[in-house]
Amino acid sequence: MNFEDLYQSYQLLEKELKDRMVVLSKLQKSIGKDMEDGDLKSFSKDMEAMQAASGEQTRILSEIKQLEEAFDSKKYFEEGSFVEQMLSYCKENAVDVKGEFPIYEMFPYKIRFDSENQDIYIDKKRLPCTRPASFVKKVKVGQDKLLRASFNAQTFANELAEVYDLDALKRGKPADGDLYLVNLYKLLAPMGRFRKDYDQQSYAFDLARLYSSGIREIKDGRHLQFGPSRMGSKSIRILDLNGREQYLSTIRFYS
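See below:
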């Protein structure tokens, strides 16, 4: 199954439908003018033409409905055709994708499939979409929009240093030791309602932009350094400027 086959068949019928609607619009104006002029002979002739055009319009709409009903969207999701084609479009459009059905990551988005209802969730937002090409396009547009959004890497680094100092004090750790980035997120967004507006994927995206910015010094003169970890649960996956995945686990601010 391939949605593009359905879409191409629909486009042919859509063109036919548009042509019929143009004819109907012209005939509607004609019969109005015929009645205004009292020209019942032309009125009768135009009415017959309009009825014929209306019949053609009904036929085309019926064929479009049959196309939609013949496409088993649930089967399309469940048997993997949607995902297979989605991955192909991701490759064509340089959209990074990682994971396995039904959960994927298209950085910085989390993608979840609901085959039962033929829905896709981008983070927690439901997106009813059965066309892989359209879905990948929406993801790509969203990613590009995020990349264009205003971001002050220096300010973010300074804010990160503030919660780093709080976390070090709270845990009794050295003031220049490695601390887990996942723990700092909880201090940046301490309450549930804050995390709704600034979730962990948004945090990961900001870390990616800071990582790629080249900034390695904050306003108080300290340097910053990211580090890895053997604990996968403590790692945050990002993409660098070249689209290569990196795993950040810790950060330290030191003199």
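Using the numbering used here, the final residue of the sequence shown is 246, and nothing's skipped along the way.
Glycine residues also receive a C-beta, built at the ideal position from the N, C-alpha and C atoms.
Taking Cβ to Cβ, would you say residue i is nearer than 8 Å to residue j?
i, j, result
"L170", "I242", "yes"
"I229", "Y202", "yes"
"I55", "Y1", "yes"
"I22", "D37", "yes"
"A180", "R186", "yes"
"A144", "F244", "no"
"S246", "R213", "yes"
"P119", "D110", "yes"
"L15", "M41", "yes"
"L58", "L(-3)", "yes"
"L198", "L160", "no"
"A124", "Y155", "no"
"K66", "Q192", "no"
"Q48", "L18", "no"
"R117", "F(-6)", "no"
Given this structure, state the Cα-to-Cα distance separating residue i from residue j, to the nearest angstrom.
i, j, result
"S226", "S141", "26 Å"
"N174", "E96", "22 Å"
"Q216", "G205", "11 Å"
"S45", "K24", "19 Å"
"S35", "E5", "29 Å"
"F68", "V74", "7 Å"
"K177", "D167", "19 Å"
"S72", "K136", "28 Å"
"L239", "D231", "11 Å"
"M77", "M182", "36 Å"
"Q237", "Q(-1)", "40 Å"
"L31", "V13", "23 Å"
"E27", "S53", "34 Å"
"E70", "I113", "21 Å"
Kindly identify the DSSP beta-bridge partner or partners of residue i.
i, result
"G218", "T241"
"R103", "I94 and Y112"
"I227", "L239"
"L118", "I111"
Using beta carbons (cut-off 8 Å, strictly below), is residue i in contact with chain B?
i, result
"A43", "The question asks about chain B, but that chain is absent: this structure has only one protein chain."
### Query
Any contact of the segment 214 to 231 with the segment 122 to 133, i.e. 3+ C-beta pairs under 8 Å?
no
### Message
Which complete beta strand (DSSP E) runs does the segment 20 to 92 hold, if anything under 3 residues is left out?
### Response
89 to 91
#### Entry: Segment contact, 8 Å Cβ cut-off, at least three pairs: the segment 47 to 62 with the segment 81 to 95
no
### Query
Are three or more beta carbon pairs between the segment 102 to 117 and the segment 137 to 156 nearer than 8 Å?
no
### Message
Which complete alpha helix (DSSP H) runs does the segment 128 to 173 hold, if anything under 4 residues is left out?
### Response
144 to 162
### Complete beta strand (DSSP E) runs within the segment 190 to 219 (minimum length 3 residues, chain order)
214 to 218
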